[in-house]
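A.B. asks: Please see the structure below; I have some questions.
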DNA sequence: CGATCAATATGACAAATGTCATCTGCAATT
DNA sequence: AATTGCAGATGACATTTGTCATATTGATCG
């Protein structure tokens, strides 16, 4: 089963990393990089185009314009596309892991870890295994995102610096309600104010 | 002048990108990656070690632990090491460009731009030229950082979610003074409140 | 149908924040 | 010694937040 070549699709918005990863993976004789996408949407478009070379592995970043890697994974799951998804992202946002697992990804790697581990991870996933960066195992089953949808949205806008009123307008809520949500969010996150709450939520990948 | 091989030192804390860039550059027959450092300090140590292979080009990220790429460039300038420095970093912090130029770097590239441009940029710098990512030329001579030292510090702490009082304690200032500083900063940055001001300053690399 | 629950609103009050004018030292300048 | 300038502090006042208790409105479910 290891004699057949593994067809890889890369999705990464940082052009430099995208190209460099392509070069790195092309060094492996059993890998073929069939497509390099700049965002999740491009990747999905390619995957759904039956006239293209079939893909075995999707290696994707999370934070990308148009469509994030997590949304891509969710789409792949919903459409039941015959590919394994492998997330390659930055450490900080630990909350992403859970969402990624829920989206049925086969692996979750960190850009921090040495590049030598990448090929092995891809082969493992290709043969049906799961891979999770060891750094994440520790605090993996940390607190799950305690925020409601509205709280999350309000925090996101707070993070941008919007006032209560401005947030209310955007979300079609009264200013008072927004204040309540932010107050709730802050107490859930044990923050002293909306700003700290937004920062915490952001760090955990909950925004 | 193009027949001699160009010796490159890479400095980048993201292991994955470091390794991948190594693979990418090794594809070029006239390039040799002689060392891969995880931070500025490692890079500098190598450069100062006369028993090591001499380096022509230092390709470095900015935000790294131990020593940033800008600090590395400054050291190289001060020690008058015979290498050209090329910065490779992320778009957002546009204020970095000025500091980098002051540190005498020969080039400033973006991780966003396509990897195909990298080799050409390195060759150009190796032969004495300067390279600046076109995206930056536009807003390069944008407003210089208008913040005073205290305003900057106050904004940094605001960004972390600290209250006026807490900031005052950290900076040994009265709460009122902190409020004044933040008020000033906000008006300088045309922000409606401290949070927005902190966000703007952060985006511009002023924190 | 009535009970229950969640989402949204309101009102009230304390606390924090934004704005501005003004004061106090202290250091540099002339 | 007199002047200027600047960092820091104060005080006053309007506005915005934080907190909490209590409506209102639908949807849901037994």
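Chains as they are written, first to last, in the numbering used here: chain A, 1 to 207; chain B, 1001 to 1207. A virtual CB, placed ideally from N, CA and C, is assigned to each residue, including glycine.
1. Rounded to the nearest angstrom, how far is the Cβ of residue 22 of chain A from that of residue 33 of chain A, given a contact under 8 Å?
2. For residue 1136 of chain B, go through chain A and note every residue whose CB falls closer than 8 Å to its CB, in chain order.
3. Hey, could you find the ends of the alpha helix (DSSP H) residue 1164 of chain B is sitting in?
4. Would you call the region 99-106 of chain A and the region 63-76 of chain A touching, i.e. three or more CB-CB distances under 8 Å?
5. Tell whether a beta-carbon distance below 8 Å holds between residue 1119 of chain B and residue 1063 of chain B.
6. Mind checking the region 1096-1128 of chain B against chain A and listing, in chain order, the residues whose C-beta falls within less than 9 Å of any C-beta there?
7. Return the chain-ordered list of same chain residues with a C-beta closer than 7 Å to the C-beta of residue 65 of chain A, the five sequence neighbours on each side being excluded.
8. Taking 8 Å as the CB-CB limit, is residue 1002 of chain B close to chain A?
9. Leaving out five residues on either side along the sequence, give the residues of the same chain with a beta carbon under 7 Å from the beta carbon of residue 153 of chain A.
10. Give a yes or no on whether the C-beta atoms belonging to residue 1011 of chain B and residue 1060 of chain B are separated by under 8 Å.
11. Under the assumption that residue 163 of chain A contacts residue 1193 of chain B (Cβ atoms under 8 Å), give the Cβ distance between them as a whole number of angstroms.
12. On a Cα-Cα basis, can you pick out the residue from B/1067, B/1079 and B/1086 that is closest to residue 1056 of chain B?
13. Assign residue 69 of chain A to one of three DSSP states: helix, strand, or coil.
14. Mind checking the region 1007-1020 of chain B against chain A and listing, in chain order, the residues whose C-beta falls within less than 9 Å of any C-beta there?
15. Within 8 Å (strictly less), CB to CB, does residue 158 of chain A reach chain B?
16. So what does DSSP say about residue 198 of chain A, is it helix, strand or coil?
17. Do residue 1126 of chain B and residue 1155 of chain B count as a contact pair if the criterion is CB distance below 8 Å?
18. So, does the CB of residue 1195 of chain B fall closer than 8 Å to a CB anywhere in chain A?
19. Check residue 7 of chain A in the structure and name its three-state DSSP category.
20. Using DSSP with H/G/I as helix, E/B as strand and the rest coil, what is residue 1002 of chain B?
21. Once the 5 residues before and after residue 2 of chain A are set aside, which same chain residues still bring their CB inside 8 Å of it?
22. Answer with buried or exposed for residue 1048 of chain B, where buried requires no fewer than 16 other C-beta atoms within 10 angstroms of its C-beta.
23. Per DSSP, what are the beta-bridge partners of residue 1058 of chain B in this structure?
24. For residue 163 of chain A, return the contacting residues in chain B, with the cut-off set at a CB-CB distance below 7 Å.
25. The alpha helix (DSSP H) that contains residue 158 of chain A, what's its start and end?
26. Check this for me: beta carbons of residue 1109 of chain B and residue 17 of chain A, under 8 Å apart or not?
27. Indicate whether residue 1182 of chain B and residue 1166 of chain B have their beta-carbon atoms separated by less than 8 Å.
28. Give the interface partners of residue 23 of chain A over in chain B, defined as CB-CB distance under 7 Å, in chain order.
29. What's the C-alpha gap between residue 130 of chain A and residue 50 of chain A?
30. Assuming residue 1185 of chain B and residue 1151 of chain B make a contact with CB atoms under 8 Å, what is their CB distance in whole Å?
31. Can you tell me whether DSSP reads residue 107 of chain A as helix, strand or coil?
32. Can you pull the chain B neighbours of residue 173 of chain A, defined as C-beta to C-beta under 9 Å?
33. Taking the beta strand (DSSP E) that residue 1124 of chain B falls in, what are its first and last residues?
34. Would you grab the beta carbon distance between residue 1188 of chain B and residue 1157 of chain B for me? Rounded to a whole angstrom, and I think it's under 8 Å.
35. Give the residues from the region 73-89 of chain A that approach chain B closer than 9 Å (Cβ to any Cβ), ordered along the chain.
C.D. replies: Let me spell this out:
1. Numbered from 1 along the first chain, position 22 holds the residue referred to as residue 22 of chain A. Numbered from 1 along the first chain, position 33 holds the residue referred to as residue 33 of chain A. About 5 Å separates the two Cβ atoms, so the contact holds.
2. The count along the second chain starts at 1 and reaches residue 1136 of chain B at position 136. Those do not exist, as residue 1136 of chain B stays about 15 Å from chain A at its closest Cβ, beyond 8 Å.
3. Counted from its first residue, the second chain places residue 1164 of chain B at position 164. Note, residue 1164 of chain B: alpha helix (DSSP H), 1164-1171.
4. yes
5. The count along the second chain starts at 1 and reaches residue 1119 of chain B at position 119. The count along the second chain starts at 1 and reaches residue 1063 of chain B at position 63. No, they are not a contact pair.
6. 1109, 1110, 1111, 1112, 1113, 1114, 1115, 1116, 1117 and 1118
7. Within the first chain, the letter at position 65 stands for residue 65 of chain A. Excluding residues within five positions, the ones whose Cβ falls inside 7 Å are 13 and 39.
8. For the purposes of this step, residue 1002 of chain B is taken as residue 2 along the second chain, with counting starting at 1. Note that residue 1002 of chain B has pLDDT 46, beneath the 50 cutoff, so the model's placement of it is unreliable and the number below is only indicative. Not one chain A Cβ lies under 8 Å of residue 1002 of chain B.
9. Along the first chain, read from residue 1 onward, the residue named residue 153 of chain A stands at position 153. Cβ within range, chain order: 171.
10. Here residue 1011 of chain B corresponds to residue number 11 of the second chain, with the count starting at 1. Here residue 1060 of chain B corresponds to residue number 60 of the second chain, with the count starting at 1. Their beta carbons are under 8 Å apart, which means residue 1011 of chain B touches residue 1060 of chain B by this criterion.
11. Taking the first residue of the first chain as 1, we reach residue 163 of chain A at position 163. Taking the first residue of the second chain as 1, we reach residue 1193 of chain B at position 193. So it is a contact: roughly 7 Å between Cβ atoms.
12. The residue labelled residue 1056 of chain B in the question sits at position 56 within the second chain. When only C-alpha atoms are compared, the closest one is B/1086.
13. Position 69 of the first chain, counted from the first residue, corresponds to residue 69 of chain A. Reduced to three states, the DSSP call for residue 69 of chain A is helix.
14. 1013, 1014, 1015, 1016, 1017, 1018, 1019 and 1020
15. Within the first chain, the letter at position 158 stands for residue 158 of chain A. Yes, residue 158 of chain A counts as interfacial toward chain B.
16. Stepping through the first chain from its first residue, residue 198 of chain A is reached at position 198. DSSP places residue 198 of chain A in helix when its eight states are reduced to three.
17. The residue given as residue 1155 of chain B occupies position 155 in the second chain. The residue given as residue 1126 of chain B occupies position 126 in the second chain. For residue 1155 of chain B and residue 1126 of chain B, no; Cβs fall outside 8 Å.
18. In the second chain, counting from the first residue as 1, residue 1195 of chain B sits at position 195. At least one chain A Cβ lies under 8 Å of residue 1195 of chain B.
19. Residue 7 of chain A sits at position 7 when you count from the first residue of the first chain. Strand at residue 7 of chain A.
20. Position 2 of the second chain, counting from 1, holds the residue named residue 1002 of chain B. With a pLDDT of 46 at residue 1002 of chain B, under the threshold of 50, the predicted position of this residue should be treated as unreliable, though the coordinate-derived value follows. Here residue 1002 of chain B sits in coil by DSSP.
21. Within the first chain, numbered from 1, the residue matching residue 2 of chain A stands at position 2. Caution applies to residue 2 of chain A, whose pLDDT of 46 falls short of 50 and renders its modelled position unreliable; the model cannot decide the point.
22. Counted from its first residue, the second chain places residue 1048 of chain B at position 48. The residue is exposed, with fewer than 16 neighbouring Cβ atoms inside 10 Å.
23. Position 58 of the second chain, counting from 1, holds the residue named residue 1058 of chain B. Answer is B/1009 and B/1085, bridged to residue 1058 of chain B.
24. The count along the first chain starts at 1 and reaches residue 163 of chain A at position 163. The contacting residues are 1192 and 1193.
25. Here residue 158 of chain A corresponds to residue number 158 of the first chain, with the count starting at 1. Segment 149-160, the alpha helix (DSSP H) holding residue 158 of chain A.
26. If you number the second chain from 1, residue 1109 of chain B lands on position 109. If you number the first chain from 1, residue 17 of chain A lands on position 17. Going by C-beta atoms, residue 1109 of chain B is not nearer than 8 Å to residue 17 of chain A.
27. Counting from 1 along the second chain, the entry for residue 1182 of chain B is found at position 182. Counting from 1 along the second chain, the entry for residue 1166 of chain B is found at position 166. Going by C-beta atoms, residue 1182 of chain B is not nearer than 8 Å to residue 1166 of chain B.
28. For this step, residue 23 of chain A is matched to residue 23 along the first chain. Residues of chain B passing the Cβ test: 1020, 1023, 1024 and 1027.
29. The residue you call residue 130 of chain A lines up with position 130 of the first chain. The residue you call residue 50 of chain A lines up with position 50 of the first chain. Those two C-alpha atoms are separated by around 27 Å.
30. Here residue 1185 of chain B corresponds to residue number 185 of the second chain, with the count starting at 1. Here residue 1151 of chain B corresponds to residue number 151 of the second chain, with the count starting at 1. At roughly 4 Å, the Cβ-Cβ gap stays under 8 Å, so residue 1185 of chain B and residue 1151 of chain B are in contact.
31. Along the first chain, one-based indexing puts residue 107 of chain A at 107. In the structure shown, residue 107 of chain A sits in a strand (DSSP, three-state: E or B).
32. Position 173 of the first chain, counted from the first residue, corresponds to residue 173 of chain A. Correct list: empty, because the minimum Cβ distance to chain B is about 19 Å.
33. If you number the second chain from 1, residue 1124 of chain B lands on position 124. Not the beta strand (DSSP E): residue 1124 of chain B falls in the alpha helix (DSSP H), residues 1116-1126.
34. Reading the second chain from its first residue, position 188 is the one you call residue 1188 of chain B. Reading the second chain from its first residue, position 157 is the one you call residue 1157 of chain B. Not really, about 17 Å apart at Cβ, beyond 8 Å.
35. Flagged, chain order: 88.
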